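The structure appears right after this line, and notes come after that.
Numbering (mature numbering (1 follows the signal peptide of the UniProt record, and there is no 0)), first residue to last: -22 to -1, 1 to 694.
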């Protein structure tokens, strides 16, 4: 039987030493010191050890149990993280396996690690009682057997109890045999009949030893009192008791009542009960009434800590004969643990241009219960562009369901709720705060589709004439707007020689002084560019209109200014009132009201004889001309514009009252202060050609004025 048990154990270990479907299995002796190398994890997975850190490799527990191993990221080895006590962890179970998960990210991989805890001989056999008492009648026959209390060793396999030895004596020998469950028990065998008159009691040293290397042992004293007859041992109603017990059962609840009977009478048939082979942990959870055999709950039963107990109960009669039975207690799960949500990884912040399906976070959901109580459903409470994708086992990936827009929503509070399948169900929640990082996905937008600027001519360089404003909803440098002028030319000159723009404020300034009479308007393009990478931009047109200023005096075209030529016009003697005798022609380079001209006679030889049209400049006779009027008439005409303040110019008009050229020579005495020596010559020429010249000159002036009005304005 021992050989079969050893082969079964070796076969079980062999199975766990060979990975199944990519899982990893290792064996580690208990009590190994920290950093003890369990196995070459990176090599066994076929992964470059340098990638373990980059992929955030870590060892996770399947619940909140202690983590006894960890990964050394520099060497890729699986090492002991905390000293393991197999007996504390697994008790008397033959197989002691701890399961972990190796989690790798980018991409997500989960490998199961099974850690077989190998027993070492670190516990000595211990008897339930240091003193074992027997009362044996002196009439007992040779070969009569007296079962002894079984020693218990917390170790297993070869390290458990392997045999017993008895101090050499003349009356008793020891018989050692193997139990059905693989344990060793001993029976005291009477080798030589007792004689109460020679020796009424004796002490024998009983030693239990294990098979460790080196072996450990424990002792008890067998005290034999020689009496008369007790030839029946207690007999239990059944050899094995099995019962189910729900976790969290209240203290004092009955687990089971065992019963043993003894065929003897009197004190020899009085049976008392005692628990044996009970670990320290189990001893705190169960208590036994020695008289009734009732076993009750004396501690908190927790399925998540231990779901199975196996204890021994002994029945002893008055003289000390004992028998034992096995009690198996199966613990059933109660839904007393709410799911636990663990955030394993979070990519925060997440760029707003992340495509749908981008992995944001990895969560792990654990529930220490079992069965349906352990089945967990996760969901997101809010209406957000995220969803949970079940991944491997109890892992979930939080991914995006659509493109994000930081300008609409800059951060999210995502509440994830996990609910188990218990009745009633238990749930828990975790809140994840996620920030959306900005991407330069919005160009600057001007507040207006176009801008109009007005500037008065003769402005000072540096004068602000307008400003443009563009908004960019992006964040920080992606939303910082810089302004500049699009390179172009105005009248064959670069735009930068006319205007400048403040790159930060968008204020447009004149670089030079403008002259309305040279050009009146032009257009420029302003570009608004953000500071993103790559930058985005937009353009807008700014139309600049130059306003006229009254900076030009009227220019008299006819008569010609003095000093250039001297022109005299002839007026018939019989000219009637209202007759047109001459016309002053003047122009003004300004525009609008600054070019509205008015005419006025400021000085004349014969005041009241002639009048001039206020706006036409036509000189007419104000009354009929008579013989008495002076033949030579000199008019000083003032031409004034309508600007503020007004500007003016003056000219002299020379008129000669005469009917024919024959009368001209009689005017030898007519002189002009400007040039006496040439006066007669000019008068003769004037009389001969005045009519033809006057008409020709009028036509020329009108043509020039007409062309000036039709001249197209310069537009850029």
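Yeah, the Cβ is synthetic: ideal placement off N, Cα and C, and Gly gets one too.
Treat the numbers as computed from the prediction; the structure is a model and nothing was measured.
Asked                                                                                                                                                                      : Found
With DSSP run on the structure shown, which of helix, strand or coil describes residue 294?                                                                                : strand
Buried or exposed for residue 471, please, with buried defined as at least 16 other CB atoms from any protein chain shown within 10 angstroms of its CB.                   : exposed
Return the residue from the list 360, 374 and 359 that minimises the CA-CA distance to residue 366.                                                                        : 374
How many Å lie between residue 435 and residue 618 at the Cα?                                                                                                              : 21 angstroms
Among 45, 85, 321 and 49, which residue has its Cα nearest to the Cα of residue 22?                                                                                        : 49
Are the beta-carbon atoms of residue 306 and residue 218 separated by less than 8 angstroms?                                                                               : yes
Measuring straight from C-alpha to C-alpha, what distance separates residue 17 and residue 86?                                                                             : 22 angstroms
Please report how far the alpha carbon of residue 448 lies from the alpha carbon of residue 520, in whole angstroms.                                                       : 13 angstroms
So, at 6 angstroms on beta carbons, what are the nonlocal neighbours of residue 331 in its own chain, with the 5 sequence-adjacent residues on each side left out?         : 417
Taking the Cβ atom as the reference point for each residue, do residue 412 and residue 390 lie within a distance shorter than 8 angstroms?                                 : yes
Could you tell me which residues DSSP pairs with residue 36 in its beta bridges?                                                                                           : 81
By Cβ distance, which residues of its chain are closer than 6 angstroms to residue 316, with the 5 residues on each side in sequence left out?                             : 404 and 406
Counting Cβ pairs closer than 8 angstroms, one from the segment 267 to 278 and one from the segment 183 to 202, do we hit at least three?                                  : no
Helix, strand or coil: which one does DSSP assign to residue 440?                                                                                                          : coil
Verify whether the separation of the beta carbon atoms of residue 437 and residue 492 is less than 8 angstroms.                                                            : yes
Residue 584 to residue 574, Cα distance in whole Å?                                                                                                                        : 28 angstroms
Would you call residue 321 buried or exposed, if buried means 16 or more other Cβ atoms sit within 10 Å of its Cβ?                                                         : exposed
For the pair the segment 26 to 36 and the segment 48 to 67, tell me if three or more CB-CB distances fall below 8 angstroms.                                               : yes
Determine the burial state of residue 249: buried for a count of at least 16 other Cβ atoms within 10 Å of its Cβ, exposed for fewer.                                      : buried
Does the beta-carbon of residue 378 have 16 or more other beta-carbons within 10 angstroms, so that it is buried, or is it exposed?                                        : buried
Taking its Cβ as the centre, do 16 or more other Cβ atoms sit within 10 Å of residue 258, making it buried, or is it exposed?                                              : exposed
Check this for me: beta carbons of residue 239 and residue 202, under 8 angstroms apart or not?                                                                            : no
Can the beta-carbon of residue 99 be found closer than 8 angstroms to that of residue 190?                                                                                 : yes
Excluding sequence positions up to five away, which residues of its chain have a Cβ less than 8 angstroms from the Cβ of residue 683?                                      : 565
Would residue 420 pass as a contact of residue 450 if the rule is Cβ separation under 8 angstroms?                                                                         : yes
Shortest alpha-carbon distance to residue 487 belongs to which of 476, 233 and 229?                                                                                        : 476
Is the segment 294 to 305 close to the segment 124 to 139, with three or more CB pairs under 8 angstroms?                                                                  : yes
Can residue 351 and residue 325 be called in contact, C-beta distance under 8 angstroms?                                                                                   : no
Considering only the beta carbon of each residue, do residue 210 and residue 242 sit closer than 8 angstroms?                                                              : yes
Are the CB atoms of residue 255 and residue 290 nearer to each other than 8 angstroms?                                                                                     : yes
Here's the rule: buried if 16 or more other CB atoms are within 10 angstroms of the residue's CB, otherwise exposed. What is residue 245?                                  : exposed
Less than 8 angstroms between the CB atoms is what I'm expecting for residue 538 and residue 545, so what's the real figure, rounded?                                      : 6 angstroms
Would you decide whether residue 130 is buried or exposed? Buried here means 16 or more other CB atoms lie within 10 Å of its CB.                                          : buried
Rounded to the nearest angstrom, what separates residue 500 and residue 612 at their Cα positions?                                                                         : 47 angstroms
Helix, strand or coil: how does DSSP classify residue 136 here?                                                                                                            : helix
Short of 6 angstroms in beta carbon distance, which residues of its chain neighbour residue 442, apart from the five on each side in sequence? Order them along the chain. : 485 and 487
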